[in-house]
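Chains as they are written, first to last, in UniProt numbering: chain L, 1 to 330; chain X, 1 to 317.
Quick notes on the structure that follows.
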Amino acid sequence: MTSSRTEPLPRVQEDGLTAGADGDRERSQERRGRRRHRWDARWSPYAFIAPFFVFFAAFGLFPLLYTGWASLHRVSLHDPSHMEWVGMRNFSRLLEDDFFWNALQNTFTIGVLSTVPQLLMALGLAHLLNYKLRGSMFFRVAMLTPYATSVAAATLVFTMLYGRDYGMINWGLELVGIDHIDWENGTWTSQLAVSSIVIWRWTGYNALIYLAAMQAVPDDLYESAALDGANRWQQFLHVTIPSLRPTILFTVVVSTIGATQLFGEPLLFGGSQTGGGSHQYQTLGLYLYEQGWFDFQLGRASAIAWTMFLILIVIGLLNWLIAKRLNKTH
Amino acid sequence: MLPTTAQRRARAAATPAVGTSTTTAAESPAGTPPRKATRRAGSAGKHLHAGRITYGILLLFTAGSLFPLLWTAIAASRDNQRLAETPPPFWFGGNLLTNMTTAWQDANMGKALLNTTFVAGTIALSTVLFATLAGYAFAKLRFRAKNALLLMVIGTMMVPPQLSVVPLFMAIAELEWTNQLQAVILPMMVNAFGVFFMRQYLVNALPTELIEAARVDGAHSLRIVWHVVFPVARPAMAVLGMLTFVLAWNEFFWPIIALTQDNPTVQVALTGLGQGYVPDESVIMAGALLGTLPLLVAFALFGKQIVGGVMQGAVKG
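Below you can see the structure in the form of structure tokens.
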């Protein structure tokens, strides 16, 4: 970045400078200035983007590739510099491991349970927030507050609320005549509970994103829909939703990426890397953590990481195809 | 443009919009000039005043958003025994300070808060600086392969952090950086979202003539950045800084692996609490409250700007 300042003077110019008269000197100085200027204009953009790419290469791209390399080796946590080639064995082991399929299924179920209600509620909330409201900023800030709460803090609180014996949720259920639920030990109940933490943290955030997109919808569309006799619900369905399609797709992609990596909530919900006594809410992220840092198999952990990456790529491609199909039909 | 809008308004006034007529009538009493009323009907479904049901639902969701936090504070002000009784407490007790002190000492929350402030602050500063530089280049400068490089930046947002954990762990083991803060700072120094965010802002906010004028005056590019780009970018830089600070404060996966309870960030300390480091539930809640409080204060002070930032990033992203 600072190279434009310290750039050495071109030799030829310097020679001309010593030989020339005052006028020449001025002119050559000007020329030198212009040349430096051009050099500066040409290379400074690269200097400005370089920090990002250098850091990304060092802490994003290189680790990504190296994880792929490590996934083909046996690497122990205790001696990570010693790598033993095993080819695809980590991957084939993975496919034979019931816990892998369990984690994959849990990740999928929790992903659906958390993403679908979250985005639907966010859409509805955004619609309500788009009305003329008294204290609209209060509502917006309040709904974004869960986003400021860390995964750890949120999960600790929810774990207490979902407590079997003294939790507030079971107490409330008892009031309406439902027996105590052992949230943590049941498969469905624990997955619902974990999903509810995700929903709590992200619904407001997504609502604000939808709200921003809704505010960008031109008034004319609503006006002509109203002229055609569409009521509010029909306007929402036939004007708002189609206008929001790119935003909705964007939030679906982001939420899916988030759901695939789900880690903190299931780790702290039960407080262990197994994701419950019978692994009933162990996600892929948690399974990776267990394999790497509790079974000391970094090679296998790398194989899980790459499997997650491949799943994300498939999801990305599917999204892209759906987006293309939708664009064609409309 | 003008006549058509007027025509449309007139037409809208002639045919009252279905389902909106009641609201319009209620909100504009007989005395108001008719023009105002027609405008409301014209923009049906958009700028309607909210009814009672809308307020009711919004208040319900607000309560749902805030209640877990409020209850954290309530539980933190009780003691372990009270939390093992039904019905659960709904109002504050007198143990808040005791529990906070215990959490501060036993769960290392004091050190954790200090560490996290340093980590998140450094990450926010460097992200804002590098994102502004790169965002400015992508928004206003001409260079080869610009579009391809910008696409690459966006593509990097897809890469999940799990993919770098193993090699990063091997690297810090080699460098003997385990438990040191630079191990969690360095991997987060730049951020693709930030670059994109600044680019989108500067494309519109920074007049190209301003840069050209400065260049004609003989200013070199660093001078331009300092005297032209930074002043214009300042509001967006502030918002990006706050968003990054929140994200860095709450970063979970990598710090858990790179740090231990001896030198924790807030999230590492809270994980320790959750894994039974301290058996007292009210102390755990006090720890959670301590770890969240700084961000809640920030939200109370800058909530408007943060909300604006989230919405801004959304429209353009």
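Positions of the beta carbon are idealized from the N, C-alpha and C atoms, including for glycine.
> Can you tell me the Cα-Cα spacing of TRP293 of chain L and GLY135 of chain X, whole angstroms?
Replying inline: 38 Å
>> Counting only Cβ pairs nearer than 8 Å, list the residues of chain X close to LEU211 of chain L.
In response: MET311
> What span of residues does the alpha helix (DSSP H) with VAL195 of chain X cover, start to end?
Replying inline: 192–205
> With 7 Å set as the bound, which would you pick, yes or no: does the beta-carbon of ARG38 of chain L sit closer than that to a beta-carbon of chain X?
Replying inline: no
>> So within the stretch 65–135 of chain L, which uninterrupted alpha helix (DSSP H) runs reach at least 4 residues, ignoring any that extend past its ends?
In response: 89–96 and 98–129
>> Going by DSSP, what residue range makes up the alpha helix (DSSP H) through PHE230 of chain X?
In response: 230–249
> Whose C-alpha, out of X:PHE193, X:ALA258, X:ARG215 and X:PRO167, is nearest the C-alpha of PHE59 of chain L?
Replying inline: X:PRO167
> Are the Cβ atoms of TYR281 of chain L and PRO266 of chain L separated by less than 7 Å?
Replying inline: yes
> Does any CB atom of chain X fall closer than 7 Å to the CB of VAL157 of chain L?
Replying inline: yes
> Rounded to a whole number of angstroms, what is the C-alpha to C-alpha distance between ASP280 of chain X and THR155 of chain L?
Replying inline: 16 Å
> When the Cα of ARG82 of chain X is compared with those of L:VAL239, L:ASP165, L:PHE269 and L:ALA122, which residue comes out closest?
Replying inline: L:ASP165
>> Measuring only the C-alpha atoms, how far is VAL217 of chain L from SER278 of chain L?
In response: 49 Å
>> Measuring alpha carbon to alpha carbon, tell me which residue in L:LEU318, L:GLY275 and L:VAL151 is nearest ASN102 of chain L.
In response: L:GLY275
> With respect to the alpha helix (DSSP H) encompassing SER272 of chain L, which residues constitute its N-terminal and C-terminal limits?
Replying inline: Careful: SER272 of chain L lies outside any alpha helix (DSSP H) and carries neither H nor E.
> If we ignore side chains and look at the alpha-carbon of each, how far apart do ILE197 of chain L and GLY264 of chain L end up?
Replying inline: 10 Å
> Shorter than 7 Å from the beta carbon of ALA323 of chain L to some beta carbon of chain X?
Replying inline: no
> Between TYR201 of chain X and the rest of its own chain, which residues show a CB-CB distance below 6 Å, the 5 nearest in sequence each way excluded?
Replying inline: ALA236
> What three-state label does DSSP hand GLU27 of chain X in the structure shown?
Replying inline: Reliability fails at GLU27 of chain X, whose pLDDT of 39 lies under 50, so the model's placement of it is uncertain and no value is given.
> Name the DSSP bridge partner or partners of GLN297 of chain L?
Replying inline: L:SER76
> Roughly how many angstroms separate the alpha carbons of TRP316 of chain L and LEU237 of chain L, rounded to a whole number?
Replying inline: First, the residue type needs correcting, since residue 316 of chain L is Gly and not Trp in the sequence shown. Cα to Cα, the separation comes out at about 26 Å.
> Taking the Cβ atom as the reference point for each residue, do ALA112 of chain X and ALA298 of chain X lie within a distance shorter than 7 Å?
Replying inline: no
> Quick one: is SER195 of chain L near chain X, going by C-beta distance under 7 Å?
Replying inline: no
> How would you label ILE199 of chain L, buried or exposed, when you count the other beta carbons within 10 angstroms and need 16 or more for buried?
Replying inline: buried
> Would HIS73 of chain L pass as a contact of GLY271 of chain L if the rule is Cβ separation under 7 Å?
Replying inline: no
> residue 331 of chain L CB to nearest chain X CB: under 7 Å?
Replying inline: Only positions 1 to 330 of chain L appear in this structure, which leaves residue 331 of chain L out of reach.
> Under a CB-based cut-off of 7 Å, is ASN204 of chain X close to chain L?
Replying inline: no
> Which of the residues in the stretch 236–250 of chain L, read from start to end, lie with their CB under 8 Å from any CB of chain X?
Replying inline: PHE236, VAL239, THR240, THR247 and PHE250
> Do you know whose CA, among X:THR244, X:GLY218 and X:THR132, lies nearest ARG34 of chain L's CA?
Replying inline: X:GLY218
> What are the partner residues of residue 321 of chain X, as DSSP defines its beta bridges?
Replying inline: Given a span of 1 to 317 for chain X in the structure shown, any question on residue 321 of chain X remains unanswerable.
>> Suppose the cutoff is 8 Å on Cβ atoms and the five residues either side in sequence are ignored; what does the same chain contact list for HIS78 of chain L look like?
In response: PHE296
>> At the level of alpha carbons, what is the spacing between ALA301 of chain L and HIS49 of chain X?
In response: 54 Å
> What three-state label does DSSP hand HIS49 of chain X in the structure shown?
Replying inline: strand
> Given a threshold of 16 other Cβ atoms within 10 Å of its Cβ, counted over all protein chains shown, does ASN130 of chain L qualify as buried or as exposed?
Replying inline: buried
> How do the stretch 248–255 of chain L and the stretch 108–120 of chain L stand: do at least 3 beta-carbon pairs fall below 8 Å, yes or no?
Replying inline: yes
>> Just verifying my parser: in three-state terms, what is the DSSP assignment at ARG142 of chain X?
In response: coil
> Do the CB positions of THR271 of chain X and ASN191 of chain X come within less than 7 Å of each other?
Replying inline: no
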